[in-house]
Amino acid sequence: MSEPILKIDKISLAFGGVKALTDVSFEVPRGSVFSIIGPNGAGKTSMLNCISGRYKPNSGSITFNNQNVTHLRPNDRADLGMGRTFQNLALFGHMSVLDNIMVGRHHLLKNNWISGPLYWASKAQKEELEHRRYVEEVIDFLEISHIRKSVAGTLSYGLRKRVELARAMALNPQLILLDEPMAGMNLEEKEDMARYILDLNEEFGITVVMIEHDMGVVMDISHQVMVLDFGKKLIAGLPDEVMANEHVKRAYLGVEDDAELEEVS
Amino acid sequence: MSSLTMRPCGDFRTSYAQDNTIFETKTIRMMAILSVLVLCAAPLFLDSYFISIFIQMSYLGIAALGLNILVGYTGQISLGHGAFFGFGAFASAWLNISMGIPVFLCIPLAGFLTMAVGMMFGMPAARIKGLYLAIATLAAQFIIEDFFARAEWFSGGSSGSMAEPINLFGFAFDTDESFYYIALFAFVVMFIWGCNLMRSRDGRAFVAVRDHYLSAEIMGVKLNKYRLLSFGISSFYAGIGGALYAHYLGYVSAEGFTIFMSIQFLAMIIIGGLGSIKGTMMGVIFMVLLPEVLSGGVGMMQETEWGNIPMVVDGLAYIKEMAIGLVIIMFLIFEPEGLAHRWKQIKNYWKFYPFAY
Ligand SMILES: Nc1ncnc2c1ncn2[C@@H]1O[C@H](COP(=O)(O)OP(=O)(O)OP(=O)(O)O)[C@@H](O)[C@H]1O
Ligand SMILES: [Mg+2]
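Residue numbers (the numbering used here), protein chains in the order written: chain A, 1 to 265; chain B, 266 to 622.
Here it is, written out as structure tokens:
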């Protein structure tokens with residue numbers, strides 16, 4: 001395989017006395033679906049926040065596309081091709097779905113506060129409409145065209161998650177970070193979401209780093225799985241390998257879950 | 266700006282351009298164009314009292330729209346908008362008198378100067394929010410007022426400063442009727458500017474920063490840039506409004522640009538609707554007409570025998586301000602989303618009539 005798209009090297013992060021992450025290192029191969037699992041409070045979201053730039057790790061480095069991004073601001077990382085969704089929904093509540101997704105095009109658009117308002121006289125209208133076309137493709141892909149004019153804050157939970165995914169995809173990312181994309185969804189919605197994730201990985205060639213609690217989905221769609229526990233990396237590898245690991249069984253799945261585990265694998 | 270929900274049946278868009286217009290339907294656009302045309306003809310059939318009210322609405326409206334971009338669309342706060350309005354007024358007069366720049370150029374230049382000043386005072390916005398930002402902008406209000414009083418070279422000190430009328434190709438716009446067209450032109454340009462801003466990249470970024478600044482940043486929006494730019498654009502609008510005011514009155518003095526004016530601008534956008542361009546217009550119309558209607562009412566009272574109470578007549582100024590305060594409070598309690606929201610509900614009601622919900 002080629003050079004990994006993302007290299008995490010000895011990341012540590014503490015909030016006061018709470019050690020959210022301790023010396024975590026891993027690599028995400030380009031073009032893969034990489035899942036992070038672990039019990040509640042294990043530091044999964046903190047890891048994602050370090051990658052996307054919301055948190056600054058206390059030590060360690062993050063290399064994205066061979067570039068050290070550890071000290072870049074989140075918006076600079078977006079420019080470089082990193083998109084993400086949030087565990088607790090973070091849409092722009094008063095904007096339409098369409099405008100939400102158009103914000104994803106922000107770093108690709110060039111019109112500004114002078115040329116934008118000159119709309120017809122500058123190239124702004126042409127540019128906006130070109131990007132609109134791309135956004136409509138994403139909307140079709142995620143099958144949300146019926147709600148494109150709805151105000152984001154009024155949508156159901158499942159739809160909002162989908163709009164968040166659309167917004168992240170509109171960035172044209174090479175790497176997309178998904179924080180529990182299926183939490184709180186029913187089976188049907190989960191199946192849809194799993195299909196979208198697979199398709200965006202295969203058709204759009206986007207590398208996926210995903211946090212998910214649903215082991216069935218994780219086993220089905222991941223190329224690699226990493227387990228975090230109390231801020232430390234327990235193991236990373238192929239899904240089957242990880243599941244077979246004794247530590248994982250004990251720390252994450254609980255010994256009683258053995259029967260269920262066999263069913264899954 | 267357009268929303269699918271309020272379109273008549275059978276109105277399908279076949280291109281993205283059609284789907285991204287300022288006006289929701291062709292009818293509304295026709296009505297907007299028609300009302301501008303009617304406004305163009307207004308001096309022919311309205312006397313100069315009404316014309317002067319229209320002029321007032323346009324320069325205040327431009328400044329209020331600027332404040333709405335800052336407060337309503339970007340979610341920040343400013344208690345110094347009145348001072349920026351004043352700065353634009355003095356700056357335009359000063360550019361004209363001391364540099365000899367023709368007035369019609371001074372007005373946009375004053376806008377840019379005010380923008381620079383606004384961004385300077387908006388700098389804390391990159392770091393602080395809410396109440397703290399309100400206090401910082403309040404400081405800006407007082408510092409600028411103080412500057413007007415001290416910088417005689419700029420403002421003419423206590424005697425104020427003269428502002429020449431606009432002069433284009435030898436024609437001086439020095440009457441209400443002629444200036445009216447300048448004001449109308451500026452109003453239409455600045456409002457279209459605002460509409461287009463809000464449907465292009467930077468306008469969306471403002472709203473994104475307001476709705477969820479953390480995810481805006483993750484989506485590639487530079488927070489500090491947009492927080493500052495919002496102050497800049499809002500001051501730009503205030504500066505243009507102020508400059509128009511100066512060259513309309515022909516004379517600028519510092520007394521008017523107080524905290525009370527800043528609050529009046531805030532009242533306009535709160536009453537009209539935060540984050541709504543249509544609402545800004547409604548709020549301005551409301552706030553300009555309110556004192557006129559009040560004085561008209563008191564005037565009529567005076568004419569009746571029993572209503573000619575000296576206390577009421579003398580206290581008119583206080584009654585006006587109290588009434589304005591009362592109206593703002595009533596709006597905050599009963600109509601916190603502003604006139605624009607109420608308007609939408611009325612429209613909805615008619616659209617679905619007789620199927621009331
Ligand atoms: N901003 C913060 N301030 C203080 N402590 C924090 C902060 N963010 C996370 N933590 C702490 O860091 C630890 C890891 O939290 P994190 O949100 O990363 O867990 P998680 O694995 O995503 O859990 P979950 O499955 O519940 O989402 C927790 O103990 C949490 O309380
Ligand atoms: Mg989490």
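Glycine is no exception: its CB is placed at the ideal position from the N, C-alpha and C atoms.
Note on VAL517(B): 16 or more other CB atoms within 10 angstroms of its CB, so buried under the neighbour-count rule. Look at THR207(A): its beta carbon is at least 8 Å from all of the heavy atoms in ligand 1. Taking the C-beta atoms as reference points, ALA348(B) is found no nearer than 9 Å to GLN283(B).
ASP79(A) reaches chain B at GLY485, counting residues in chain order whose Cβ is nearer than 9 Å. When the beta-carbon positions are compared, VAL248(A) and PHE34(A) stay at least 9 Å from each other.
Between GLU602(B) and chain A, the shortest Cβ-Cβ separation is not below 9 Å. The bridge partners DSSP lists for ILE37(A) are VAL227(A). For GLN67(A), the beta-bridge partners assigned by DSSP are PHE64(A). Look at LEU479(B): its C-beta is under 9 Å from a C-beta on chain A. Around ALA473(B), the same chain offers SER480, ALA481, MET484 and VAL486 as residues with beta carbons nearer than 8 Å, after the five sequence neighbours per side are excluded. Chain B places no beta carbon closer than 9 Å to that of ASP179(A), leaving this residue out of the contacts. Nearest to LEU493(B) by C-alpha distance, out of PHE315(B), THR339(B), SER280(B) and ILE536(B), is THR339(B). Neighbours of GLY337(B) in chain A, taken as residues at a C-beta separation under 9 Å, are lacking, since the least C-beta distance is about 11 Å. Leaving aside the five residues that flank PRO181(A) on each side, the residues in its chain whose CB is nearer than 8 Å to its CB run, in chain order, THR85, LYS161, LEU165, MET193, ILE197, MET210 and GLU212. With contacts defined by Cβ atoms closer than 9 Å, ARG167(A) and TYR281(B) do not form a contacting pair. At least one beta carbon of chain B lies nearer than 9 Å to the beta carbon of PHE86(A). Taking C-beta atoms under 8 Å as the contact rule, ASN112(A) and ARG466(B) qualify, at a distance of about 7 Å. The beta carbon of GLU482(B) falls within 9 Å of a beta carbon belonging to chain A, placing the residue at that interface. Counting along the chain, VAL18(A) sits inside the beta strand (DSSP E) bounded by residues 18-28.
Exposure of VAL303(B) is indicated by the presence of fewer than 16 other C-beta atoms within 10 angstroms of its C-beta. Two segments are said to touch when three or more pairs of C-beta atoms, one from each, lie closer than 8 Å; by this definition the segment 365-382 of chain B touches the segment 499-512 of chain B. The closest CA to that of GLN174(A), considering only HIS131(A), PHE64(A) and ILE147(A), is found on PHE64(A).
Ligand 1 approaches VAL18(A) closely enough that one of its heavy atoms is under 8 Å from the residue's Cβ. In the DSSP assignment, PHE15(A) falls within the unbroken beta strand (DSSP E) covering 6-15. In this structure, DSSP gives VAL486(B) a state outside helix and strand, which the three-state scheme calls coil.
Annotation for VAL209(A): the continuous beta strand (DSSP E) segment containing it runs 207-211. Placement of the Cβ of LEU89(A) at a distance of 8 Å or more from every heavy atom of ligand 1 is found. Using a cutoff of 8 Å, the CB of LEU398(B) does not count as near ligand 1, since none of the ligand's heavy atoms is closer than that. The three-state reading of DSSP puts MET587(B) in helix, counting H, G and I together. Residues of chain B with a Cβ closer than 8 Å to the Cβ of ASP99(A) are, in chain order, ARG469 and VAL472.
Shown here, ILE431(B) sits in a strand according to DSSP, grouped into three states. Residue-level contact check: ALA282(B) touches chain A, since one or more beta carbons of chain A fall below 9 Å from its beta carbon. When secondary structure is reduced to three states using DSSP, LEU531(B) falls in the helix class. At least one C-beta of chain A is nearer than 9 Å to the C-beta of GLY540(B).
Here the alpha carbons of THR379(B) and ILE362(B) stand approximately 17 Å from one another. Each residue's CA atom was taken as its position, placing GLY468(B) and PHE315(B) some 34 Å apart.
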